[in-house]
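Chemist: Residue numbers (our numbering), protein chains in the order written: chain A, 966 to 1130; chain B, 417 to 566.
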Amino acid sequence: MKTLKGRQINQLPVDGLFKVGDLVNYEGPLMSLFSNQKGELYLYHWCDCDESHHRWLVYPVTLNQLINYLNRKLTHYQLIMGNRVAYAVDLDGDAEVHNLTRLPTAEIPEDYLPDKEILHDDEDCPHLDQITDYLKDLASKTSKTVSFKTSVPTLEIYETNRLPA
Amino acid sequence: VTENMSVFKYQNYLDSYENCPPPEYQQVSMSAFRWIFEDINHENNFKPVLLIKPERINDKMFDSQERKCEGYALSLYDSLSNAKKAYERIRKRNKNLPKMVGTHVAKIALAQTDGVAYECSRHKNNKGHFNFHESENTDLSNQIVTVEKL
């Protein structure tokens, strides 16, 4: 795999991440949402592999950014490039970390980034319900009002005390 | 075990789960399409994901008996067009996808005795994707009709 223009670090700047669900999946996760007890949100974006490792791009997102992404108002590219830095993690088959690199988003190789126009797509998302439920719960703890409008009209979800008119 | 189907290829694994494959899976006779590597003898071309990476059974993706069972099925598409569209859609997001799943698509002639198929309901809008559990003696690499570059 490519050598990245970044700095090797020992651990991510966030603790206690657990997986909420996959936003993209084909016979396995390609884009996954992680969070922790503090409600911090991180996305893992599969970007490369060799015979023994898979490389993931890891970056934080805010609740608002993620909601806007799910509502197709922000692109996947914008989610990544909304950060000044991201992290590249190389995991082996046992999910053990082998390399962890902190790199400026401007230095992310082009083939590790999605096309600029790519939006969320329900079709690739097997955990949509559990992800939106988690975000609604998170939003309720911060007194925010959230609505999710998926690409399939019959799946429109409005979780608020202000239902749409 | 489904009617008319005594043993599946990965029966030892399937036996660990209830209703695996579920009764809604049916025998089919049709052309199916699967992403493969250019080398049609590549070891992963027709290997279910949980045999390529057995440790992934602990992944959240396989967080239920149903999902674990699906992990021993193959992903197929019902048309060349749907196989190509799905590949292109995902490749625009994950540009190195070809390293993981290959660069070609195979047309495969599925016969009734080859296994059982079902459109996976967890995807909201399937667009031709379905799961396929192979019968004990099925070798889909021998049933490739054509291969073309994606």
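Every residue, glycine too, gets a C-beta built ideally from N, C-alpha and C. None of the values given here were measured: they were computed from a predicted structure.
1) Can you give the Cα-Cα distance for B:Q442 and A:Y1052, rounded to whole angstroms?
2) Do you know whose CA, among A:L1100, A:I1073, A:T1107, lies nearest A:G986's CA?
3) How long is the line joining the alpha carbons of B:P518 and B:W451, rounded to whole angstroms?
4) Since A:E1061 meets chain B, which of its residues come closer than 9 Å, beta carbon to beta carbon?
5) Quick one: what's got a C-beta closer than 6 Å to B:Y426's C-beta in the same chain, skipping five residues either side?
6) Just to confirm, is the Cβ distance from A:L1065 to A:N990 under 9 Å?
7) Helix, strand or coil: which one does DSSP assign to B:N498?
8) Restricting to Cα atoms, I'd like to know which of A:R972, A:V1062, A:D1057, A:L1022 is closest to A:N1048.
9) Any idea what DSSP makes of A:D987, helix, strand or coil?
10) Mind checking B:A499: buried by the 16 CB within 10 Å criterion, or exposed?
11) Have a look at A:N1033, A:V1054, A:Q1095 and flag the residue whose alpha-carbon is nearest the alpha-carbon of A:L1084.
12) In chain order, which continuous runs of the beta strand (DSSP E) of length 3 or greater are located wholly inside the stretch 991-1021 of chain A?
13) Quick check: B:P509 and A:P1079, are their CB atoms within less than 9 Å of each other?
14) I think A:E1088 touches B:K543, with their Cβ atoms under 8 Å apart; what is that distance to the nearest whole Å?
15) Less than 9 Å between CB atoms is the rule here; does B:K484 satisfy it with respect to chain A?
16) Does the beta-carbon of A:R972 have 16 or more other beta-carbons within 10 angstroms, so that it is buried, or is it exposed?
17) Go to A:D1055, then tell me how far its beta strand (DSSP E) extends in each direction, as first and last residue.
18) For B:L467, count the other beta carbons within 10 Å of its own beta carbon; 16 or more makes it buried, fewer makes it exposed. Which is it?
19) Can you tell me where the alpha helix (DSSP H) with A:I1045 in it begins and where it stops?
20) Determine the DSSP secondary structure at A:Q976, reduced to helix, strand or coil.
21) Locate the alpha helix (DSSP H) running through A:A1104, then write down its first and last residues.
22) For B:D530, tell me which candidate among B:F449, B:Y503, B:H549, B:N461 has the shortest Cα-Cα distance.
23) Which residues in the same chain have their Cβ closer than 8 Å to the Cβ of A:M966, if we skip the five residues on either side of it in sequence?
24) Determine whether the Cβ of B:N553 lies closer than 9 Å to any Cβ atom of chain A.
Modeler: Taking the geometry as given:
1) 44 Å
2) A:L1100
3) According to the sequence displayed, residue 518 of chain B carries Gly and not Pro. So the alpha carbons of these two residues sit roughly 6 Å apart.
4) Simply none; closest approach about 10 Å.
5) Y488
6) no
7) helix
8) A:L1022
9) strand
10) buried
11) A:N1033
12) 994-1000, 1006-1014
13) First, the amino acid is wrong: residue 509 of chain B is Arg here, not Pro. Taking 9 Å as the Cβ cut-off, B:R509 and A:P1079 qualify as a contacting pair.
14) 6 Å
15) no
16) exposed
17) 1050-1056
18) exposed
19) 1041-1046
20) coil
21) 1093-1106
22) B:H549
23) D1013, C1014, D1015, H1018, R1020, D1055
24) no
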